[in-house]
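Student:
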Amino acid sequence: MKHWFVKLAAVAAAVCAVPTVYAQSLSIIPQPEQVDVRVGRLVLHRGMSMAFDAAVEEQAMYLRNTVYRSTGFEWKTGVPAKRADIVLEVDARKVPRPEGYRLTVDGRRVTICGHDAGGVFYGIQTFLQLLPPAVHSRSLQPEVMWSVPQVDITDAPDHPWRGMMLDVARYFYDKEFVKKYIDMMAMYKMNKLQFHLIDDSGWRLEIKKYPRLTEVGAWAGKDEKRLGGYYTQEEIRELIAYAAVRNVEIIPEIEFPAHMLSAVAAYPWLSCTGKQHEVPRQHFISRDLLCVGKETSYQFLADVLEETVELFPSDYINIGGDEAVYDRWKECPLCQAVLKREGLQQAADLQGYLTNVVADMMAKKGKTVVGWEEIIQRGKVNQPVVAVMWHEVKDTLQATRTGHKAILSPATHLYLDFPESKTPGEVKAATWMPPISLEKCYSMEMNDYAPSSTVLGVQGCFWSDQFIHGTVLQELPPIDENRSENYAEYLTFPRLLAVAELGWSKTARRSWTDFRQRVRSHYARLDHKECNYRVPEPEIVSMKEEGGKVRFELAPSVEGADIRYTTDGSWPHSHSARYTGPVEVDVKTDFRATTFVNSRHCSLPLYFAPDYSAYRQYGTFVAEWKPRQWADATGVWRFETTGKMVGNGTYDITFVYRRGSNALRLGKLVQYKRDERLAEVPMQGQVDAGHTAVTYRLPLTAFEAGLPFYVEVEAQPVGGDDTFGYVFVKKVE
Ligand code: ACM
Ligand code: ZN
1 MKHWFVKLAA
11 VAAAVCAVPT
21 VYAQSLSIIP
31 QPEQVDVRVG
41 RLVLHRGMSM
51 AFDAAVEEQA
61 MYLRNTVYRS
71 TGFEWKTGVP
81 AKRADIVLEV
91 DARKVPRPEG
101 YRLTVDGRRV
111 TICGHDAGGV
121 FYGIQTFLQL
131 LPPAVHSRSL
141 QPEVMWSVPQ
151 VDITDAPDHP
161 WRGMMLDVAR
171 YFYDKEFVKK
181 YIDMMAMYKM
191 NKLQFHLIDD
201 SGWRLEIKKY
211 PRLTEVGAWA
221 GKDEKRLGGY
231 YTQEEIRELI
241 AYAAVRNVEI
251 IPEIEFPAHM
261 LSAVAAYPWL
271 SCTGKQHEVP
281 RQHFISRDLL
291 CVGKETSYQF
301 LADVLEETVE
311 LFPSDYINIG
321 GDEAVYDRWK
331 ECPLCQAVLK
341 REGLQQAADL
351 QGYLTNVVAD
361 MMAKKGKTVV
371 GWEEIIQRGK
381 VNQPVVAVMW
391 HEVKDTLQAT
401 RTGHKAILSP
411 ATHLYLDFPE
421 SKTPGEVKAA
431 TWMPPISLEK
441 CYSMEMNDYA
451 PSSTVLGVQG
461 CFWSDQFIHG
471 TVLQELPPID
481 ENRSENYAEY
491 LTFPRLLAVA
501 ELGWSKTARR
511 SWTDFRQRVR
521 SHYARLDHKE
531 CNYRVPEPEI
541 VSMKEEGGKV
551 RFELAPSVEG
561 ADIRYTTDGS
571 WPHSHSARYT
581 GPVEVDVKTD
591 FRATTFVNSR
601 HCSLPLYFAP
611 DYSAYRQYGT
621 FVAEWKPRQW
631 ADATGVWRFE
641 TTGKMVGNGT
651 YDITFVYRRG
661 SNALRLGKLV
671 QYKRDERLAE
681 VPMQGQVDAG
691 HTAVTYRLPL
701 TAFEAGLPFY
711 VEVEAQPVGG
721 DDTFGYVFVK
731 KVE
């Protein structure tokens, strides 16, 4: 049905060529710099031929194979450019900007001229986006009419760094998944992969000189039950070659001085204490740092980095550097001796010292050091480095002041391990900050603080600590062998498209309304790529409250998808009423509507959160109790406060009675960081119609981003369990 429609639409378009229609229907992401749409279309066919410069042979084969798989057209090669129907050339004079291209389609041929091989590759991507979405399919799509509008597109990236970080340390994704991730980045003209190979929970890179890094450090658990894995150097070479064709540079990240317990587990002498550790099976940020007082630590870094930079052709080497807590260095006589010898003030300065040692070492090898923002925040670094700013965009000014470069990767907008919504049923993912909707991600500020010469570009980060060796996501009943990979795609897409446009398109060319319109047609492309993207909820065009009724008008967020709805508050399924026009309901929250791409791939229903504004004085909603909840209770109620307690301080936790004729008696309250008991408030209280609120005051001194926080409170219904209530959290100091 869908294919038939595509074919009909293409034929109709070819017959009655009206340029404005095409202009509207071009939905290229990221938005190109200049697009001229001409009258008419070029129909592709099996008799076409290709010519290409030798420098882009691999890119030409990429195009030929992609088109062959879905269309069955086996384009002839080896014809002179003059006679070819598809021409790929490199000419830096015609296309002056790096990674830029010019794509022209006229009534006879397609010409892609790139500044470099990357530019040609990007011209190919734009060309593919002009074709029907089925072009991305790996199998023959015989029903499609393959035609493209006649266009003249001139394009180049606004920023040289359009990155993604993939955390393969907390969860080991095999080589094939990494290739798929790279391929999807490349489709949207992203060009840097920060390969997070090392963390407390896994060492993923074969280092010949230190075999225990992968014999021991790559595995959590024992024997056949062990989890993890690593990439051999041979596999790394294969990934690099695969990425290179797609203009993606893989930048290895070797984390230190923190986040390297996997190395310490393999070689305990790396840490200050020398204590033996195991590779953790759950999310965990180790306090054990690389000891900066032992000569062997420097030798280790020199050896590991030397093997790494020999393997990876990138001009950059990422040294991590985030989230070190310096207690071990404060207690270590060897580290303290270095501090004294170097005339440093405090343990934190030792990180700056170490960064300098390594940056000098790397400069000798012609490599520029990249790291998290901490690398420029722990004293003066002499070599110019690149800092990935993960807190505040305005901190790019620190990079400007100190002569370094910056990459924008604020967790608030570009950490794709946060879910897109708070809707019940959303995947459990990082919660230490609010969700990041597609719109929020797209709307990140660019370059508003530091000069653009400081800011190389943007980077999305995909952390896998929520997937680690069987915690949060894998608590779900087994639903699929590759569930973590599926979740990774769910969280990455469609937001990667927004990150790509942030990096590529000039701010003046970006508009959320326009992006939202263009992205609608990309889901079909992602389907053909077999990508498990998050299906967006239907768009609410209008919601009018009138005469005691609420009238909803919706639009599909996914081109060609159905919207199904209910008016009784239940979740729509694939046979619920199909939306065809405005719907009226009595109560807003009873209206639920879902996007169905097909019966197995659908969105969450539209969700209208209850209104807590009457309780604003108590802070943020965290939990609610309802009558039935106490029937088989143990007398202790546990609820999660992750994301609501977001730093050290003093918090008020308030239990608020809402309705019911009885009471709820409350006793001792205990706070937990996962299973670690942090604090206890030994109080008694009762909420009922007469005493509507009870507040516990709680100190928090051991906050840690990424870890789950819970509260347990003794709770007993009194007189009967018919009460309803809310719990709120408020930071008071
Ligand atoms: C980070 O999120 N720890 C860089
Ligand atoms: Zn030490």
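At position 206 of the sequence shown (counting the first as 1) the number is 206 in the numbering used here, and the numbers step up by one without a gap. Each residue gets a CB set at the ideal place from its N, CA and C atoms; glycine is no exception. Here the structure is a predicted model, which means the values were calculated and not measured.
With a cut-off of 8 Å, do at least 3 Cβ pairs link the stretch 145-156 to the stretch 128-136?
Tutor: Yes: at least three Cβ pairs fall under 8 Å.
Student: I need the residues with a C-beta less than 7 Å from some heavy atom of the ligand ZN; please give them in chain order.
Tutor: Result (chain order): 272, 291, 292, 293, 294, 328, 329, 332, 334 and 335.
Student: Alpha carbon to alpha carbon, how far is residue 4 from residue 559?
Tutor: As a working note, residue 4 is residue 4 in the sequence shown. As a working note, residue 559 is residue 559 in the sequence shown. Per-residue confidence for residue 4 stands at a pLDDT of 35, beneath the threshold of 50, marking its modelled position as unreliable; no derived number is given.
Student: Are the Cβ atoms of residue 249 and residue 208 separated by less than 8 Å?
Tutor: Indexing the sequence shown from 1 puts residue 249 at position 249. Indexing the sequence shown from 1 puts residue 208 at position 208. Against a cut-off of 8 Å, the Cβ pair of residue 208 and residue 249 comes out as no contact.
Student: For residue 715, which three-state DSSP category applies?
Tutor: By 1-based counting over the sequence shown, the position of residue 715 is 715. The answer is strand: DSSP assigns residue 715 an E or B state.
Student: Around the Cβ of residue 287, are there at least 16 other Cβ atoms within 10 angstroms (buried) or fewer (exposed)?
Tutor: Within the sequence shown, the letter at position 287 stands for residue 287. It counts as exposed.
Student: Does the beta carbon of residue 152 fall short of 7 Å from some heavy atom of the ligand ACM?
Tutor: Translated into positions along the sequence shown, residue 152 becomes position 152. No, since every heavy atom of the ligand ACM falls outside the 7 Å radius drawn around the Cβ of residue 152.
Student: Thinking C-beta only, is residue 351 closer than 8 Å to residue 257?
Tutor: The sequence position of residue 257 within the sequence shown is 257, counting from 1. The sequence position of residue 351 within the sequence shown is 351, counting from 1. For residue 257 and residue 351, yes; Cβs fall inside 8 Å.
Student: Considering only residues of the same chain and omitting the five flanking positions on each side of residue 71, which have a CB-CB separation below 6 Å?
Tutor: Reading the sequence shown from its first residue, position 71 is the one you call residue 71. 146, listed in sequence order.
Student: Starting from the N-terminal side, write out each stretch of the alpha helix (DSSP H) that is 4 residues or longer and does not extend beyond the stretch 96-146.
Tutor: Runs of the alpha helix (DSSP H) inside the stretch 96-146: 117-130.
Student: If you run the structure through DSSP and keep just helix, strand and coil, what is residue 191?
Tutor: Within the sequence shown, numbered from 1, the residue matching residue 191 stands at position 191. Correct three-state label for residue 191: coil.
Student: Return the bridge partner residues of residue 372 from the DSSP annotation.
Tutor: As a first step, residue 372 must be located in the sequence shown, where it is residue number 372. Per DSSP, 388.
Student: Residue 726 bridges to which residues according to DSSP?
Tutor: Taking the sequence shown and counting its residues from 1, one reaches residue 726 at position 726. Note: residue 726 sits in a beta bridge opposite 624 and 656.
Student: Give me the residue from 407, 464, 497 and 419 with the minimum Cα distance to residue 456.
Tutor: Along the sequence shown, read from residue 1 onward, the residue named residue 456 stands at position 456. The residue with the shortest Cα to Cα distance from residue 456 is 407.
Student: Is the beta carbon of residue 454 sitting closer than 8 Å to the one on residue 396?
Tutor: As a first step, residue 454 is located in the sequence shown; it is residue number 454 there, counting from the start. As a first step, residue 396 is located in the sequence shown; it is residue number 396 there, counting from the start. Going by C-beta atoms, residue 454 is nearer than 8 Å to residue 396.
Student: Look up residue 683 in the DSSP assignment and say whether it is helix, strand or coil.
Tutor: The residue labelled residue 683 in the question sits at position 683 within the sequence shown. Reduced to three states, the DSSP call for residue 683 is coil.
Student: Between residue 64 and residue 75, what straight-line distance do the alpha-carbon atoms span, to the nearest angstrom?
Tutor: Counting from 1 along the sequence shown, the entry for residue 64 is found at position 64. Counting from 1 along the sequence shown, the entry for residue 75 is found at position 75. Approximately 7 Å between the Cα atoms of the pair.
Student: From 30, 26 and 52, pick the residue whose C-alpha is nearest to that of residue 41; which is it?
Tutor: Taking the first residue of the sequence shown as position 1, residue 41 is located at position 41. The shortest Cα separation from residue 41 among 30, 26 and 52 belongs to 26.
Student: Is the beta carbon of residue 110 sitting closer than 8 Å to the one on residue 67?
Tutor: Taking the first residue of the sequence shown as position 1, residue 110 is located at position 110. Taking the first residue of the sequence shown as position 1, residue 67 is located at position 67. Not a contact, by the Cβ cut-off of 8 Å.
Student: Sorry if obvious, but does the Cβ on residue 322 come closer than 7 Å to a heavy atom of the ligand ACM?
Tutor: On the sequence shown, residue 322 is found 322 positions in, with the first residue counted as 1. Residue 322: yes, Cβ under 7 Å from the ligand ACM.
Student: Please state whether DSSP places residue 528 in a helix, a strand or coil.
Tutor: Within the sequence shown, residue 528 is the residue found at index 528, counting from 1. Reduced to three states, the DSSP call for residue 528 is helix.
Student: Between the alpha carbons of residue 340 and residue 728, how many angstroms are there, rounded?
Tutor: In the sequence shown, residue 340 corresponds to position 340, counting from 1. In the sequence shown, residue 728 corresponds to position 728, counting from 1. About 49 Å.
Student: Just checking, does the stretch 546-558 make contact with the stretch 165-177 on the three C-beta pairs under 8 Å criterion?
Tutor: Output reads no: the stretch 165-177 does not touch the stretch 546-558.
Student: For residue 42, does the three-state DSSP call read helix, strand or coil?
Tutor: Counted from its first residue, the sequence shown places residue 42 at position 42. Strand.
Student: Which residues in the same chain have their Cβ closer than 6 Å to the Cβ of residue 585, if we skip the five residues on either side of it in sequence?
Tutor: For the purposes of this step, residue 585 is taken as residue 585 along the sequence shown, with counting starting at 1. If we look at residue 585 and ignore the five residues flanking it on each side, its Cβ neighbours are 550, 567 and 591.
Student: Less than 7 Å between the CB of residue 219 and some heavy atom of the ligand ACM, yes or no?
Tutor: Position 219 of the sequence shown holds residue 219. No, Cβ of residue 219 sits at least 7 Å from all heavy atoms of the ligand ACM.
Student: Relative to the ligand ACM, is the shortest distance from any of its heavy atoms to the C-beta of residue 411 smaller than 7 Å?
Tutor: Residue 411 sits at position 411 when you count from the first residue of the sequence shown. Yes, the beta carbon of residue 411 sits closer than 7 Å to at least one heavy atom of the ligand ACM.
Student: Is it buried or exposed, residue 125, if we count other Cβ atoms within 10 angstroms and call 16 or more buried?
Tutor: In the sequence shown, the residue the question calls residue 125 occupies position 125. With 16 or more other Cβ atoms within 10 Å, it is buried.
Student: Can you tell which of 655, 161 and 702 has the C-alpha that lies nearest to the C-alpha of residue 689?
Tutor: Residue 689 sits at position 689 when you count from the first residue of the sequence shown. Comparing Cα-Cα distances from residue 689 to each of 655, 161 and 702, the minimum goes to 655.
Student: Between residue 418 and residue 431, what straight-line distance do the alpha-carbon atoms span, to the nearest angstrom?
Tutor: By 1-based counting over the sequence shown, the position of residue 418 is 418. By 1-based counting over the sequence shown, the position of residue 431 is 431. Near 6 Å, if we compare the C-alpha coordinates of residue 431 and residue 418.
Student: Cβ of residue 413 within 8 Å of Cβ of residue 444?
Tutor: Residue 413 sits at position 413 when you count from the first residue of the sequence shown. Residue 444 sits at position 444 when you count from the first residue of the sequence shown. Yes, the Cβ-Cβ distance between residue 413 and residue 444 is below 8 Å.
Student: By the 10 Å Cβ neighbour count, where 16 or more other Cβ atoms means buried, how is residue 742 classified, buried or exposed?
Tutor: Here the chain comprises residues numbered 1 to 733, so residue 742 is not present and cannot be evaluated.
Student: Would you call residue 259 buried or exposed, if buried means 16 or more other Cβ atoms sit within 10 Å of its Cβ?
Tutor: Translated into the one-based positions of the sequence shown, residue 259 becomes position 259. Residue 259 is buried by the Cβ-count criterion.
Student: Going by the C-beta, is residue 372 closer than 7 Å to any heavy atom of the ligand GDP?
Tutor: Because the ligand GDP does not appear in the structure shown, any question about it cannot be addressed here, the ligands present being the ligand ACM and the ligand ZN.
Student: Return the chain-ordered list of same chain residues with a C-beta closer than 7 Å to the C-beta of residue 158, the five sequence neighbours on each side being excluded.
Tutor: Counting from one through the sequence shown, the residue named residue 158 turns up at place 158. So the list reads 504, 505 and 506, once near-sequence residues are dropped.
Student: Let me check understanding here. Comparing Cα to Cα, which of 365, 272, 336 and 676 lies closest to residue 310?
Tutor: For the purposes of this step, residue 310 is taken as the residue at position 310 of the sequence shown. Looking at the Cα atoms, 365 is the closest of the given residues.
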